[in-house]
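Residue numbers (the working numbering): 121 to 292. Built from N, CA and C at the ideal position, the CB exists for glycine as well.
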Amino acid sequence: MSQTGTNRNKSARYRALIRQTLRGEERDYTSGSIREAIVLLAIPMILELGLESVFAVVDMYFVGELGKNAIQTVGLTESVISLVYAIAMGLSIAATATVARRIGEKNREGASHAGAQAIIISLLVTIIISILGFVFAADVLRIMGAEPDVVKEGTNFARIMLGGSVVIVLLF
């Protein structure tokens with residue numbers, strides 16, 4: 121087979137994997153190609169992270185007409201929220217690894233138990249983050265270098281965003 125034919129064949133295989141991922145079909149990742157499993161697991165994560173980054177852009181678009189203080193507030197708050205994303209991803213990866221191990225062991229009850237524990241731990245962590253974010257929103261803006269007017273006008277926005285971290289963590 122020619123090089124072009126081989127490349128077309130690989131391309132067709134990857135397109136089929138992408139379609140399979142987007143359809144959300146159930147699959148046993150413990151059997152078959154490790155490359156296919158990685159692609160099938162990576163695509164939803166890449167799409168999710170791409171969409172998460174769109175939130176900041178959309179926020180900036182809508183507050184753009186409100187003035188520079190609003191834009192600074194959104195920019196600074198979204199910078200801190202990216203740390204929440206990092207914590208959420210870390211918790212998600214740990215939960216996924218633990219659940220995947222139990223599934224690989226064919227221990228569905230253990231996987232269910234590990235998943236429930238991950239949700240409880242995530243809730244505890246995010247409640248702490250949300251409370252701290254809500255209480256110290258003005259201080260967070262100051263630490264990030266916001267001007268006094270930005271802190272005064274943007275504290276409520278920062279409180280809502282940081283106080284609502286529970287939604288971000290549970291998404292992951």
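- By the C-beta density criterion, Val271 is buried, having at least 16 other C-beta atoms within 10 angstroms.
- Here the alpha carbon of Leu169 sits roughly 30 Å from the alpha carbon of Glu267.
- For the pair Ala132 and Asp179, the Cα-to-Cα distance works out to about 38 Å.
- With respect to Ile223, Ala231 sits close: the two C-beta atoms are nearer than 7 Å.
- The beta carbons of Ala258 and Thr246 sit no closer together than 7 Å.
- In the three-state DSSP reduction, Gly230 falls in the helix class (H, G or I).
- Buried is the label assigned to Ile249, since at least 16 other Cβ atoms lie within 10 Å of its Cβ.
- In the DSSP assignment, Ala206 falls within the unbroken alpha helix (DSSP H) covering 188-224.
- Ala208 places its beta carbon less than 7 Å from that of Val289.
- In the three-state scheme derived from DSSP, where H, G and I count as helix and E and B as strand, Glu168 is classed as helix.
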